[in-house]
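Protein chains: 2
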Amino acid sequence: MQPSVSQALVVLSGGQDSTTCLYWALDQFGVGAVEALTFDYGQRHRIEIDCAIKIAARAGVPQTVLPINTFTALGGNALTDAGIAVQSGVDAQTQLPNTFVPGRNLIFLTLAAAFAYPRAIHHLVTGVAQTDYSGYPDCRQATLQALEQTLQLGMACDLTIHAPLMFKSKAETVLMARDLGAWPALADTHTCYHGQQPPCGECPACVLRAKGFAEAGLADPLVARFHSSPS
Amino acid sequence: MQPSVSQALVVLSGGQDSTTCLYWALDQFGVGAVEALTFDYGQRHRIEIDCAIKIAARAGVPQTVLPINTFTALGGNALTDAGIAVQSGVDAQTQLPNTFVPGRNLIFLTLAAAFAYPRAIHHLVTGVAQTDYSGYPDCRQATLQALEQTLQLGMACDLTIHAPLMFKSKAETVLMARDLGAWPALADTHTCYHGQQPPCGECPACVLRAKGFAEAGLADPLVARFHSSPS
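Put into structure tokens, the structure is as follows:
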């Protein structure tokens, strides 16, 4: 396989954070040097993948959707198992939300590195953040640093993991998205854990998103979209 | 999910090394404290999985076969892509064999950790070795150490990766298998890159295996099986 012209690969979920990161990467590496990778891992709501496809197309970046059927086979989590209800709190024993797939971001980034390897792409971009930390230890800076070293050693390649939102609050991320020109794209993102459009506004993900826009003093273009054009 | 009684999870491919490690784990952690995890990742030869199932059953350990459809989707390697011939040498550009799936063992071990997590299993056992290093950087000790740290941080858990063959030659592994009582099980293992039974004896994997038994001064029970009972 010939090396591509792309320099950076963005892990694009179709959510607000990874979409903002896509525009960060376009700003950082330039239009034509960025690709997007979306995982079809059996998420409860296919709408996330549809959003990611729409967002990549709008941004004009090549996109690949890679399947992972392993999480569903692992089972036992609310993120992919439709038989398990999403809970708002954390598990008393593990202190983790029941949408936790252990090491999910480690898997995503390692597969992203495997995808990047033959394409000679040396920069991975992920939207994880430890500021609005939901109890996911694979979103922490220390974890990403260890993973970066692991990938460099395990693939014998020069690879950098960028997490531009790592230390930003949701409000700061909202302002960053606006400044990077990601605003129209945010209307195409998906956040709601219940998979609803318009978003339910009540699940932990919707609440966290609304809080960020409120603190930034800006209206969420996703919410505005449904208010201005009734479905 | 209730914690299992297992203490150790062996990544069992159905090959000689992981089978030896299964018996190492039984010796180390005790019968009844060991489970096996086998990945169905679209390997060219399903016989590997059949061997792993037979080996786990013979050893009396619970086994799970987890699917990974991502490697096939990534494509471009001889290990899963039937359209690409296995080459004996290394690629001039990458200096890696064309059976190389970048970071394959990183993926296997991370998914093994995700499998182990809800079962409260804290020991992962892998048959990788850097001695008979085939150009796979994800088989090196330094890589496993970095990965262990990544998994500990990323899953916020106490986890140890054991690679009992890391610094052993193939001959030493053969002697270890004999001493651990793995000898009958070795007759059920699969090594041949061409998926042949009896083994082709000519592919790099067969040649490496034969060299180990020759240096140990012992006959390979897999080869003996076909000589004593013509198929």
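Order-wise, the sequence lines are chains W and E.
Residue numbering for the first sequence follows my numbering, starting at 10 and increasing by one per position.
Residue numbering for the second sequence follows my numbering, starting at 10 and increasing by one per position.
Here a beta-carbon is modelled for each residue, glycine too, at the ideal position from N, C-alpha and C.
Cβ-based neighbour list, residue i, same chain, cut-off 8 Å, excluding 5 preceding and 5 following
i: residue 230 of chain E; result: 192, 193, 195, 196
i: residue 58 of chain W; result: 23, 47, 49, 52, 74
i: residue 72 of chain E; result: 21, 44, 45, 46, 47, 61, 62, 65, 66
i: residue 164 of chain W; result: 122, 123, 126
Beta bridge counterpart(s) of residue i as assigned by DSSP
i: residue 46 of chain E; result: E/20, E/73
i: residue 171 of chain W; result: W/134
Any C-beta of chain E under 8 Å from that of residue i
i: residue 14 of chain W; result: no
i: residue 77 of chain W; result: yes
i: residue 158 of chain W; result: yes
i: residue 119 of chain W; result: yes
i: residue 124 of chain W; result: yes
i: residue 115 of chain W; result: yes
i: residue 216 of chain W; result: no
i: residue 165 of chain W; result: yes
i: residue 172 of chain W; result: no
i: residue 223 of chain W; result: no
i: residue 110 of chain W; result: yes
i: residue 34 of chain W; result: no
i: residue 146 of chain W; result: yes
i: residue 155 of chain W; result: yes
i: residue 82 of chain W; result: yes
i: residue 151 of chain W; result: yes
7 Å CB neighbourhood of residue i in its chain, flanking five on each side removed
i: residue 204 of chain E; result: 53, 54, 56
i: residue 34 of chain W; result: 17, 19, 43, 134
i: residue 222 of chain E; result: 183, 228, 229
i: residue 82 of chain E; result: none
i: residue 148 of chain E; result: 114, 137, 138, 139, 142
i: residue 36 of chain W; result: 189
As assigned by DSSP and simplified to three states, the class of residue i
i: residue 189 of chain E; result: coil
i: residue 110 of chain E; result: coil
i: residue 236 of chain E; result: helix
i: residue 29 of chain E; result: helix
i: residue 135 of chain W; result: coil
i: residue 126 of chain W; result: helix
i: residue 65 of chain E; result: helix
i: residue 218 of chain W; result: helix
i: residue 148 of chain E; result: helix
i: residue 183 of chain E; result: helix
i: residue 229 of chain W; result: coil
i: residue 158 of chain W; result: helix
i: residue 176 of chain E; result: coil
i: residue 36 of chain W; result: helix
i: residue 140 of chain W; result: coil
i: residue 59 of chain E; result: helix
i: residue 200 of chain W; result: coil
i: residue 210 of chain E; result: coil
i: residue 165 of chain W; result: coil
is_contact[residue i, chain A] using C-beta, thresh 8 Å
i: residue 26 of chain W; result: No chain A appears in the structure shown, which is made up of the protein chains W and E.
Neighbourhood of residue i by C-beta, 6 Å cutoff - its chain only, sequence neighbours within 5 removed
i: residue 235 of chain W; result: 207
Within-8 Å CB hit, residue i to chain W
i: residue 231 of chain E; result: no
i: residue 169 of chain E; result: no
i: residue 197 of chain E; result: no
i: residue 162 of chain E; result: yes
Item to check | Where the stretch 126–141 of chain W meets chain E: residues whose CB sits under 7 Å from a CB there | outcome: 126, 127
Checklist entry - Listed from N- to C-terminal order along the chain, which residues in the stretch 36–60 of chain W have their beta-carbon within a distance smaller than 8 Å of any beta-carbon of chain E? => result none
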